[in-house]
Amino acid sequence: MKKSTIVFIFLVFGFSTFAQKYVSDQSRVYFYSSAPVEDIEAVNKQSKSAMDLSNGGFAFSIPSNQFQFKKSLMQEHFNENYMESEKYPKATFTGKVKDWESFEGERQVVASGDLTIHGVTKNVDIPAQLTILQNELIVDSVFPVALAEYKIKIPKALFYNIADTVEVTVHFEYKPLTE
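Heads up: the sequence shown begins at 843 in the working numbering, then just goes up one per residue.
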């Protein structure tokens, strides 16, 4: 587990010093779809994230098949029919906080970069609340994802069951990366 996190960090930020690099040790990614017939929600606690405080670099990786639904049939449809989790096993974001400058405390920021979902990459701006206190780092964000933009097809028969745009909420808690 720790090795895969370190490999993820190296791929995103290179091999420079560890001093200002943080990796998530706790995560919660939640999505919510509100439609006329039903609301659909799921949570994923297996996501990984990293942040480099030296330059504001930020990345996350969300395994598609780790979302847990209240109804097992919804989970099956999500993985097989919509996300095609075997073909597209994860969603990722790689970017940087705009106008980055180091600080301590709590601040609203915007991370700009590439969001890849269902094999489609779009340049996006993701608003977030960033909290930095001593050796703790927390990122909270809520942002919309328009399914059609990522070529996630909803059958016409389910038009009233699934929203065109879902709300994604992420919460990452980080610890300093150590060798």
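The C-beta atom is built at its ideal place from N, Cα and C for all residues, glycine as well.
Note that the coordinates shown come from a computational prediction; the quantities given were computed from them, not determined experimentally.
message: Quick check for students: name the residue ranges of the alpha helix (DSSP H) that lie wholly in the region 879-961, counting only runs of 4 or more.
response: With a minimum length of 4 residues, the continuous alpha helix (DSSP H) runs that stay inside the region 879-961 are 914-919.
task: Pick out whichever of Leu975, Tyr930, Pro1018 and Ser954 has its Cα sitting closest to the Cα of Pro969.
output: Ser954
query: DSSP beta-bridge partners for Ala970?
result: Val951
message: Just to confirm, is the Cβ distance from Ala884 to Ala1005 under 8 Å?
response: no
task: Count the other CB atoms, across all protein chains shown, that sit within 10 Å of the CB of Asn886; report buried if there are 16 or more and exposed otherwise.
output: buried
field: 6 Å CB neighbourhood of Val1012 in its chain, flanking five on each side removed
entry: Within the same chain, Val871 and Ser983 come within 6 Å of Val1012 by CB-CB distance, once the 5 residues on both sides are set aside.
C-beta neighbour in chain B for Thr1020, strict 8 Å: Looking for chain B here will not work: only one protein chain is present.
- request: Grab the span of the beta strand (DSSP E) containing Ala988 for me, first residue to last.
  value: Run containing Ala988: Glu978 to Ala988, per the beta strand (DSSP E) assignment.
Meets three-Cβ-pair contact criterion under 8 Å: the region 918-936 and the region 901-909: Taking one beta carbon from each stretch, the region 918-936 and the region 901-909 have 3 or more pairs nearer than 8 Å; the two touch.
- request: Could you tell me the distance, in whole angstroms, from the CA atom of Ser914 to the CA atom of Val865?
  value: 31 Å
task: Identify which residue in Leu957, Phe920 and Glu922 has its Cα closest to the Cα of Ala933.
output: Leu957
message: In whole angstroms, give me the CA-to-CA distance for Phe985 and Thr936.
response: 15 Å
message: Would Asp967 and Val981 qualify as a contact pair, given that the criterion is a beta-carbon distance under 8 Å?
response: no
Inter-residue spacing [alpha-carbon to alpha-carbon] between Glu880 and Lys1017: 38 Å
- request: Grab me the residues of Asn1003's own chain with a C-beta within less than 7 Å of its C-beta, minus the 5 sequence neighbours each way, in chain order.
  value: Ala877, Val879 and Glu880
message: Do Gln868 and Glu991 have their beta-carbon atoms positioned less than 8 Å apart in this structure?
response: no
message: Classify Ser903: buried if its beta carbon has 16 or more other beta carbons within 10 angstroms, exposed otherwise.
response: buried
task: Output yes or no for whether 8 Å exceeds the beta carbon distance between Val1010 and Leu989.
output: no
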